[in-house]
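Here the structure comes first, spelled out in structure tokens, and everything after it is commentary.
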Amino acid sequence: LRFDGALNVDVTEFQTNLVPYPRIHFMLSSYAPVISAEKAYHEQLSVAEITNSAFEPSSMMAKCDPRHGKYMACCLMYRGDVVPKDVNAAVATIKTKRTIQFVDWCPTGFKCGINYQPPTVVPGGDLAKVQRAVCMISNSTSVAEVFSRIDHKFDLMYAKRAFVHWYVGEGMEEGEFSEAREDLAALEKDYEEVG
């Protein structure tokens, strides 16, 4: 292992814990805290605060609102000055408050990892140096919002046959566009059904 930690996690464990069905394998990731260097706090955020922040839409790396969907699984990777006791307390609070919804067919499971190495920042960069941070990778039905947006944008462009000639000129058949669109619509439906 590269760095020492209390609960080290392996990348292969993510797939095991996060993917319930082969087609339902699109993850959402979030990171907290994201604090600009000029607005840096002198007080450090607690483990509970950064954990709650990781579930906020503003911390997500994809534009979708996880409050509109249900979680199937969740992996939390902490870095820096973090102890298992604080992590367990933060996760227990999230479970008891029911601030996030899990699907009913799956236990409310959180996979947690702790790396004692503090989060690093680029010297002179825009991000503030913090003592602790969390990266969350989760499988949520709200990722269907992303597919819905892509579907809509595709429909608008395909109605005008925008750029289609370039693909057909390279040997692709026009029917492949319809197939891909149907596949994405089916994927959206799959995510609706598991929720």
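Taken in order, the sequence shown gives residues 1 to 195; the numbers are from UniProt numbering.
Think of the CB as a built atom: it goes at the ideal place given N, C-alpha and C, for glycine as much as any other residue.
Owing to the predicted nature of the structure, the values given are computational and were not obtained by experimental measurement.
{"Item": "Counting only the same chain and skipping the five closest in sequence on each side, list residues whose C-beta sits under 6 Å from that of Ser-29.", "Value": "Met-61, Ile-137"}
{"Item": "Taking just the CA atoms, how far does Ala-133 sit from Gly-69?", "Value": "24 Å"}
{"Item": "Mapping DSSP to helix, strand and coil, what is Gly-109?", "Value": "coil"}
{"Item": "Within 8 Å, do at least three Cβ pairs link the segment 146-160 to the segment 93-106?", "Value": "no"}
{"Item": "Just the C-alpha distance for Thr-99 and Asp-86, rounded to the nearest angstrom, thanks.", "Value": "18 Å"}
{"Item": "On the DSSP letters alone, give me the boundaries of the alpha helix (DSSP H) that Tyr-191 sits inside.", "Value": "175-194"}
{"Item": "Which partner residues does Ala-32 have in the DSSP bridge list?", "Value": "Val-134"}
{"Item": "Going by beta-carbon coordinates alone, are Met-77 and Val-9 separated by less than 8 Å?", "Value": "yes"}
{"Item": "I need the boundaries of the beta strand (DSSP E) containing Tyr-78, first residue and last residue.", "Value": "71-80"}
{"Item": "Who are the Cβ neighbours of Leu-127 in its own chain at under 8 Å, not counting the five residues just before and after it?", "Value": "Val-34, Ile-35, Ser-36, Ala-37, Val-121"}
{"Item": "Please list the terminal residues of the continuous alpha helix (DSSP H) segment that includes Arg-149.", "Value": "144-159"}
{"Item": "Name the one or two DSSP bridge partners that Leu-127 has.", "Value": "Ser-36"}
{"Item": "Of all the options Arg-181, Glu-145, Trp-105, which has the alpha carbon lying nearest to the alpha carbon of Pro-57?", "Value": "Glu-145"}
{"Item": "Pick helix, strand or coil for Ile-100, following the three-state DSSP scheme.", "Value": "coil"}
{"Item": "Apart from the five residues on each side of it in sequence, which residues of its chain come closer than 7 Å, Cβ to Cβ, to Arg-79?", "Value": "Asn-115, Gln-117, Pro-118, Pro-119, Arg-132, Ala-133"}
{"Item": "Can you list, in chain order, the residues of its chain whose CB lies under 6 Å from that of Phe-55, leaving out five sequence neighbours each side?", "Value": "Ile-100"}
{"Item": "Would you mind giving the Cβ-Cβ distance between Val-194 and Thr-108, rounded to the nearest angstrom? I have them listed as a contact below 8 Å.", "Value": "Not quite, the Cβ-Cβ distance comes to about 15 Å (not below 8 Å), so this is no contact."}
{"Item": "Ends of the alpha helix (DSSP H) at Leu-18?", "Value": "11-18"}
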